[in-house]
Amino acid sequence: MGQSLSAIYIHAIFGTKNNSSFIDISIEKHLHSYMAGILKNLNSPAIKINSVPDHIHILFRMSKSHSISQIMHVIKRDSSKWMKTQGYRGFRWQIGYATYSVSQSKLETVSEYIVNQKMHHKKMSFLEEVESFMDKYNVDQYSRIFSGHKISSYLW
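Read in my numbering, the sequence shown has 65 at position 55, and its numbers run on one by one without any break.
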């Protein structure tokens with residue numbers, strides 16, 4: 011085979027610093043579009059992006075030329091700078107993130123999950139969501155106290 015081929019889909023989740031509610035309705039679509047542009051420039055096209063005020067979900071096809079850590083670093087750094095230029099002076103993302111692999115057969119299911127974030131979070135907090143993903147993906151090697159709750163995660 012004369013070329014490298016790759017079809018790796020990633021569901022990324024990360025929150026705002028101190029879970030602050032920065033991502034309001036007036037900016038969210040612009041932020042999503044800006045992030046889609048960042049991902050396009052990294053040869054990692056966005057499939058779905060959606061957010062609630064304190065965190066964001068992104069489903070994208072990962073580039074064969076960049077690592078997850080590189081992609082996450084660039085998208086968080088550049089979108090944080092952009093948010094500040096939009097007047098959100100104190101805006102920052104949390105240090106960590108979560109990324110999960112997604113099977114081609116589950117792309118539509120994950121896309122629907124991301125689209126329905128606002129309805130989803132009427133029933134479940136971000137902390138509960140993080141814990142549920144950790145259970146689903148058997149992530150237990152990281153521990154930290156967050157808002158009085160013990161969670162195992164590197165999102166924070």
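From the three backbone atoms N, C-alpha and C, an ideal C-beta is built for every residue, glycine too.
CA-to-CA distance, residue j to residue i, given in whole angstroms
i	j	result
residue 89	residue 133	28 angstroms
residue 125	residue 104	22 angstroms
residue 49	residue 55	5 angstroms
residue 17	residue 145	25 angstroms
residue 80	residue 51	13 angstroms
residue 86	residue 66	11 angstroms
residue 244	residue 46	Nothing in the structure corresponds to residue 244, since the chain is present only between 11 and 166.
residue 15	residue 42	27 angstroms
residue 112	residue 31	28 angstroms
residue 119	residue 148	20 angstroms
Chain-order list of residues whose beta-carbon lies under 8 angstroms from that of residue i (same chain, five-residue window excluded)
i	result
residue 117	19, 57 and 69
Check whether residue i and residue j have beta carbons under 9 angstroms apart
i	j	result
residue 84	residue 128	no
residue 34	residue 136	no
residue 92	residue 123	no
residue 23	residue 98	no
residue 141	residue 130	no
Selection from the options that minimises the alpha carbon distance to residue i
i	options	result
residue 59	74, 39, 73 and 101	39
residue 29	107, 121, 15 and 112	107
residue 13	75, 46, 31 and 37	75
residue 26	102, 120 and 112	102
Other residues of its chain near residue i: CB distance less than 6 angstroms, five sequence neighbours each side excluded
i	result
residue 72	18, 20 and 54
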